[in-house]
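Chains as they are written, first to last, in our numbering: chain A, 1 to 333; chain B, 334 to 695.
These notes concern the structure reproduced below.
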Amino acid sequence: MKRVLLAHGDGGLYAAALIKDLFLRHFSYPELGKLKDAALLSSIDGRLAVTTDSFVVQPPFFPGGDIGKLSVCGTVNDLVAGGAQPLYLTVSFILEEGLPLEELEVIVVSLADTARSCGVEVVAGDTKVVPRGQADKLYITTTGIGRVDPRLALGAEHVRSGDAVILSGPAGDHGIAVLSCRKGVSFQTQVVSDCAPLNELIETISPYFPALRWLRDPTRGGVGATLNELAESAALDVMLEEKLLPVRPEVRAAAELLGLDPLYLPNEGKMILVVEQEAAVAVRAALREHPLGREAEIIGQVERGTGNVWLRTVLGGTRGVEMPAGLPLPRIC
Amino acid sequence: MLSGTELAQAQQLLALIKKKLTGPLSIMEVCGTHTTAISKYGLRPLLEPLRLLSGPGCPVCVTAAVDLDRMIALAGTGAIVATFGDLLRVPGSETSLEQAQAEGADIRIVYSPLDALAIAADNPKRPVVFLGVGFETTAPAMALAVKQARERDLSNFYLYSCLKTVVPALHALLAAPHGLDGLLLPGHVSSVIGRRAQDFVASLYGVPAAVVGFGERDILLGIAAVLRMIEEGTPGVVNAYPHVVREEGNLLAQKLLAEVFDTAAAEWRGFGMIPESGLVLKTEFASHDAALHFDLPHASVLREQDPCRCGDVLRGAISPLDCALFADRCLPLTPLGPCMVSSEGACAAYYRYDRKKGVAPA
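Printed below as a string of structure tokens:
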């Protein structure tokens, strides 16, 4: 079996072979093939959005995805949440000496396919190799560039008391899928990661853009942490309804077993939308038209307050949803 | 989450409880897992004017600072100290295990004492000390670990037992002035010691009590049972968790505990010394007893300096919201006492679920 060698990071013949035989076979952007130090992009009309994210998920292959797919979805979804249409991506690999080249290729193919499926061009890249034991298989950093959609005016400052909070699908799938195949934790579950690019899903609700106030993908820290950030920056309260919060029964069961709350489990293919109350039902219906929004639900609403998130339990009691502190979930994305 | 039927039953119980509640009453949930569950289900505001007070049933919370000081000192001498993650951030007199770990002490988080045994097997030249906290529920696993250490001749494995038993603590609690109208007794501990062993709560102290499970419906069922006894003036100790708890408890677990442990006086945070409340290794297991094998700082050298009111919280004297430090100087990442750290701690539960940011506590 061929493996990544330290020599693959030497900038010489081995590195050139890796780029030519592996990376360039799967990425089609013409600029990339010229192997220049910098990719030249055509001019973009409008404001730009840029975001960067590093991916260290362990293990790199998990039910429903892998680190390659994840590294595109994570960055694309950050651009989408920023109100931008994703256009370009740069990709940086840190490879551990000894990584089987076959595994690397599967990840590169997955990354390239995901980028293609959401219409994003990989325009630049880099590879470094570190000695065995100094990384865990591979880490990926992606940087995304997008065009800000002029139809959107998003931000906590636009959120008003009475606005509806929508979650585009069940919470916690990614967290449970990754944990289920962790060394030392492994358990049997049917849950697969929700890892998916959400630019198309959000585009389907474009008729309702004027009613859209705030978008965020609830990754690390989950719905609970994300809404706490909203409540704090808007200086308003959020009231969630436990009975409306979509969580798959198998995610709920696994979370209970592990002593985790689905509200804090990470997601990689979900969006939280805050919309004007009057448009909420229509937005939910539009989201449900798309395969990635089939189980979208209005989970609560924004209320006057001082920056708290609350949950009305099925029995009608109210309890706080606190910002998580020190969750035992390292390397989930 | 509750199924449709369970929800309907829980709602019926809630309505029944509200009907019975004519004035303010105080019921203590002895067990920390109950405290957390009650907060998480949002039951406190629903049950007003009933006052639900937390009790001494959080093993991490009642662990004395001196025990942590000893383990921190021991970790500094090159021993491997293994323990549950919940203990790491708990403040001792001066520092915490987490701080000691950051400064280079070899402290390992394990999920079971058997994991610590595996560490001992992997590091035969180093002493491995398991800092064991818990009640009758966790004690059997520690008894097994010590027995296995002896069978496998792992002479470098030691238990530092902070294990405690619930019955003597209930005596200490109820023999002092308390103002409690009823008790919710811990379901898990009761599954080991049995319902019958707690009859004295009613017969000796006249306090009605129920052995209670951990779901919404279970807890409401227990509260309804206690309220009925208060109303009828017939204190007893009822089993509201009958599919798990038996009259006599788990005899196998009791036998195992009796085989490995003796009882001895133990130091409880908030209560001080309680006679017969600690579990210490029997003489035949003395070679695995960290308290005997290592020269640990003596209790009288160190003084417990609790800047916080965890002790009052653990005795049900105050609610966490009554403590001036709560959510002010005492926070989950910079706790002043164990009740803010442990996943079963009352202050941690109130901080997470019952607190309103930006509003001063009542």
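Using N, Cα and C, we set each Cβ at its ideal position, and we do this for glycine too.
When DSSP states are grouped into helix, strand and coil, Leu664(B) belongs to the strand group.
Thr226(A) is positioned such that its CB atom lies no closer than 8 Å to that of Pro266(A). The closest CA to that of Glu31(A), considering only Gly68(A), Ala235(A), Ala124(A), Thr75(A), is found on Ala124(A). By the criterion of a C-beta distance shorter than 7 Å, Lys615(B) is surrounded in its chain by Val593, Phe594, Asp595, once the five residues flanking it on both sides are discounted. The region 542–627 of chain B contains, as complete beta strand (DSSP E) runs of 3+ residues, the segments 542–545, 570–572, 594–601, 605–614 (chain order). Residue pairing for Thr141(A): DSSP places it in a beta bridge opposite Ser54(A), Ser92(A). Distance check between Phe417(B) and each of Glu677(B), Arg688(B), Val540(B) places Glu677(B) closest, using alpha-carbon atoms only. Within chain B, the C-beta atoms nearer than 7 Å to that of Gly316(A) come from Leu379, in chain order. Annotation: Val544(B) to His158(A) spans about 51 Å, alpha carbon to alpha carbon. When Cβ pairs closer than 8 Å are counted between the two stretches, the region 184–198 of chain A is seen not to touch the region 125–134 of chain A, the count staying below three. The CB of Arg319(A) comes closer than 9 Å to the CB of Ser372, Lys373, Tyr374, Gly375, Leu376, Arg377, Pro378, Arg685, Tyr686, Asp687 in chain B, given here in chain order. Taking 8 Å as the CB threshold, Asn308(A) lines the interface with chain B. Cys181(A) carries a coil assignment under DSSP once its states are collapsed to helix, strand and coil. Around the beta carbon of Arg248(A), 16 or more other beta carbons lie within 10 angstroms, which makes this residue buried. By the beta-carbon neighbour count (other beta carbons within 10 angstroms, threshold 16), Glu427(B) is exposed. When C-alpha distances from Cys333(A) are compared across Val57(A), Glu203(A), Arg284(A), the shortest belongs to Val57(A).
Ranking Ile19(A), Ile44(A), Arg47(A), Leu48(A) by CA distance to the CA of Lys34(A) puts Ile19(A) first.
Under the three-state reduction of DSSP, Ile205(A) is assigned to coil, being neither helix nor strand.
Here Cys195(A) carries a coil assignment [DSSP, helix/strand/coil].
When the five nearest sequence neighbours on each side are left out, the beta carbons in the same chain lying within less than 6 Å of the beta carbon of Ala597(B) are those of Gly611, Val613, in order along the chain. Counting along the chain, Tyr14(A) sits inside the alpha helix (DSSP H) bounded by residues 13–18.
Boundaries for Leu152(A): no beta strand (DSSP E) harbours it, and the DSSP string shows neither H nor E there. Fewer than three beta-carbon pairs drawn from the region 652–659 of chain B and the region 508–518 of chain B are found closer than 8 Å, and the two stretches are therefore not classed as touching. A distance below 6 Å between beta-carbons, with the five flanking residues on each side excluded, links Ser168(A) to the following residues of its chain, in chain order: Lys270, Met271, Leu287, Gly293, Ala296. Under the DSSP assignment, Asp113(A) falls in the alpha helix (DSSP H) whose first and last residues are 101–117. Not a single C-beta of chain A is nearer than 8 Å to the C-beta of Glu362(B). Excluding its 5 nearest sequence neighbours in each direction, Val109(A) has C-beta neighbours in its own chain below 6 Å: His26, listed in chain order.
In the displayed model, Asp687(B) falls within a helix according to three-state DSSP. Contact fails between the region 311–325 of chain A and the region 454–474 of chain B, because fewer than three Cβ pairs, one in each stretch, are under 8 Å apart. With the rule of 3 Cβ pairs closer than 8 Å, the region 557–567 of chain B does not count as touching the region 453–468 of chain B. Partner residues in the beta bridge of Lys497(B), as assigned by DSSP, are Gly611(B).
For the region 337–352 of chain B, the residues whose beta carbon sits under 8 Å from a beta carbon of chain A are, in order, Leu340, Ala343, Gln344, Leu347.
Only exposed fits Gln134(A), as fewer than 16 other CB atoms lie within 10 angstroms of its CB.
Under the three-state reduction of DSSP, Thr396(B) is assigned to strand. A residue is called buried when at least 16 other Cβ atoms come within 10 angstroms of its Cβ; Ala325(A) does not meet this threshold and is exposed. Under a 10 Å Cβ-count criterion, His631(B) is classified as exposed, with fewer than 16 other Cβ atoms of the shown protein chains found around its own Cβ.
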